[in-house]
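Written below as structure tokens is the structure these notes are about.
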Amino acid sequence: MAKPPLDGVILITGASSGIGSELARQLAPRAKGLVLLARRMERLEQLAGELRTRHQGLTVLVQSCDLLDREATDRAIDRIESELGAVDVLINNAGLGDISMFDLSAWKKNQRMLDLNVTALTYLTHRLVPGMVERGRGGVLQVSSGFGLSFMPGFATYVGTKHYVTGFTECLRLEVASQGVAVSQLCPGPVRTEFEEVAADFETPKLPEFVGISAEHCARAAIAGFARNKAIIIPGALMKLGSTLSRLTPRFVMRLVYAPAARRMRAMQLAATKRSSAPTHGDFSNKISTLN
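Residue numbers for the sequence shown follow the working numbering, beginning at 242 and rising by one.
Next comes the structure, spelled out in structure tokens:
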């Protein structure tokens, strides 16, 4: 069974905060080199400085990149391979989400979710996996979501992108397993990160504090599962239980359960629209580590 070479060069997208930065901190003791990629250069530099101080001899490369820009992505990969050599492990953590009823959402936000969560993830995977197959070793960890295994009103496009990631990753895992490349996906529920600061522009029902887990907890579970080449990694006992119950519950029952929530969220969003001229959708750009 293929195992990811966590002692090699590891590329983490969306590394400036949340799960991404915690993955970097926890992988640093094992890795030969870390590549931290995101748009917020200042945060990346701060994290890189912290890692270099704690882990003498660790090579940390910081790369600012908008993954929606194919040419910029190609330049970033060329620089990484030129300075550190081949990427042994890819962790696709960057992403975008939006809380809104679909018909009340801005198309621009839906397009960006599709471009980043689906196209950019697939393109970066396609750039790096062939080299891993050729070398006979490598690893890919796709940060999907508990929503990639279920559904929820108010997240139509986001849930759709995560179902894509789940299906794509399952197929990729089967295709490259015999070639020495390990492929896993992380499917967390709510994670306590910056999402709470930016949430929606309208008041939405809040989950109890005990439902979420910390980014540190999530990253620790992700690395442990990835190291064992688990196909699907679901961190947190409560989320594991919820995922199991979701799989066992008939879809028509789930629809009945979620129907009142959909009506309530629509009413909240419409009420917020009447009270304010602000946009009717909540943007959590680069906060995929929150719901994933």
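Positions of the beta carbon are idealized from the N, C-alpha and C atoms, including for glycine.
Check: What residue does the beta strand (DSSP E) around residue 333 start on, and which one ends it?; Outcome: 330–333
Check: Extract the residue ranges of the alpha helix (DSSP H) inside the stretch 468–493, only unbroken runs of 4 or more that lie entirely within it.; Outcome: 478–489
Check: Do the CB positions of residue 368 and residue 318 come within less than 7 Å of each other?; Outcome: yes
Check: Does the distance from the CB of residue 430 to the CB of residue 480 come in under 7 Å?; Outcome: yes
Check: Do residue 245 and residue 397 count as a contact pair if the criterion is CB distance below 7 Å?; Outcome: no
Check: Report, in whole angstroms, the separation of the C-beta atoms of residue 388 and residue 425, which I expect to be a contact under 8 Å.; Outcome: Contact flag wrong, Cβ pair sits at about 17 Å.
Check: Please name the residue, chosen from 517, 299, 310, 255, that lies closest to residue 284 on a Cα-to-Cα basis.; Outcome: 255
Check: For the pair the stretch 256–267 and the stretch 456–466, tell me if three or more CB-CB distances fall below 8 Å.; Outcome: yes
Check: Evaluate residue 329 with the Cβ neighbour count: other Cβ atoms within 10 Å of its Cβ, from every protein chain shown; 16 or more gives buried, anything less gives exposed.; Outcome: buried
Check: I need the DSSP call for residue 255, collapsed to helix, strand or coil.; Outcome: coil
Check: Apply the 10 Å Cβ neighbour rule to residue 412 and answer buried if 16 or more other Cβ atoms are within range, or exposed otherwise.; Outcome: exposed
Check: Under the three-state reduction of DSSP, which class applies to residue 427: helix, strand or coil?; Outcome: strand
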